[in-house]
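Peer 1: Pasting in a structure now, in structure tokens, and then I'll have a few things to ask.
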Amino acid sequence: MKITYEFVTGEVSEVEVDERLGGMLLDLNRQQDNNDQKETRRHCSLNGMDYEGELFASAEDTEGEVVHREDMARLYSAMGALSPTQRELVEKVYFEERKITDIAAEEGVDKSAVSHRLERIHKKLKKILS
Numbered sequence: 001m002k003i004t005y006e007f008v009t010g011e012v013s014e015v016e017v018d019e020r021l022g023g024m025l026l027d028l029n030r031q032q033d034n035n036d037q038k039e040t041r042r043h044c045s046l047n048g049m050d051y052e053g054e055l056f057a058s059a060e061d062t063e064g065e066v067v068h069r070e071d072m073a074r075l076y077s078a079m080g081a082l083s084p085t086q087r088e089l090v091e092k093v094y095f096e097e098r099k100i101t102d103i104a105a106e107e108g109v110d111k112s113a114v115s116h117r118l119e120r121i122h123k124k125l126k127k128i129l130s
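The sequence shown begins at 1 in my numbering and counts up by one.
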């Protein structure tokens with residue numbers, strides 16, 4: 001079996017190899033081509049983003065993203081003023097997305113007690129954030 005190599009300089013070289021080694025080389029080349037294709041499919045080159053001389057980062061609302069991050073930072077700092085039990089309740093309800101009825105059953109209290117605790121937390125956070 002002959003394996004052909006083409007160098008960057010344009011020089012072409014052919015090498016005679018046995019069938020087993022040639023099959024392994026062809027298989028490795030095919031795997032490399034597949035990996036290269038996977039990589040280019042998942043990523044966008046910066047050259048593809050250049051339009052009429054202006055480079056743009058994305059079509060998303062970057063200003064809105066910055067404002068959202070700032071708001072989240074303010075919220076997390078405000079949560080520092082809450083007691084540990086209040087923070088735990090906020091995490092259960094808003095981050096773990098657990099139902100108030102499930103939390104009440106777990107703590108052995110009425111649903112309205114948990115709702116009232118959440119209302120007090122909302123008022124406290126609103127006061128801190130305004």
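Beta carbons: idealized from backbone N, C-alpha and C, even for Gly. Remember, it's a predicted structure, so these values are computed and weren't measured experimentally.
Using CA coordinates, which residue listed in 121, 85, 127, 94 is at the minimum distance from residue 107?
Peer 2: Ranking the options by Cα distance to residue 107, first place goes to 85.
Peer 1: Which same chain residues, not among the five before or five after residue 12, have their C-beta less than 8 Å away from its C-beta?
Peer 2: The answer, listed in chain order, is 4, 5, 6.
Peer 1: With H, G and I counted as helix, E and B as strand and the rest as coil, what does DSSP make of residue 4?
Peer 2: Note: residue 4 maps to strand in three-state DSSP.
Peer 1: Would you tell me roughly how many angstroms separate the C-alpha atoms of residue 66 and residue 113, rounded to the nearest one?
Peer 2: Distance between the alpha carbons of residue 66 and residue 113: 36 Å.
Peer 1: Can you tell me the Cα-Cα spacing of residue 28 and residue 17, whole angstroms?
Peer 2: For residue 28 and residue 17, the distance between alpha carbons rounds to 15 Å.
Peer 1: For residue 89 and residue 118, which I take to be in contact (beta-carbon distance under 8 Å), what is that distance rounded to the nearest angstrom?
Peer 2: Contact flag correct, Cβ pair sits at about 7 Å.
Peer 1: So residue 77 packs on residue 100, CB below 8 Å; how close in whole Å?
Peer 2: About 25 Å separates the two Cβ atoms, so there is no contact after all.
Peer 1: Which residue comes first and which comes last in the beta strand (DSSP E) that contains residue 12?
Peer 2: Unbroken beta strand (DSSP E) run through residue 12: 12 to 16.
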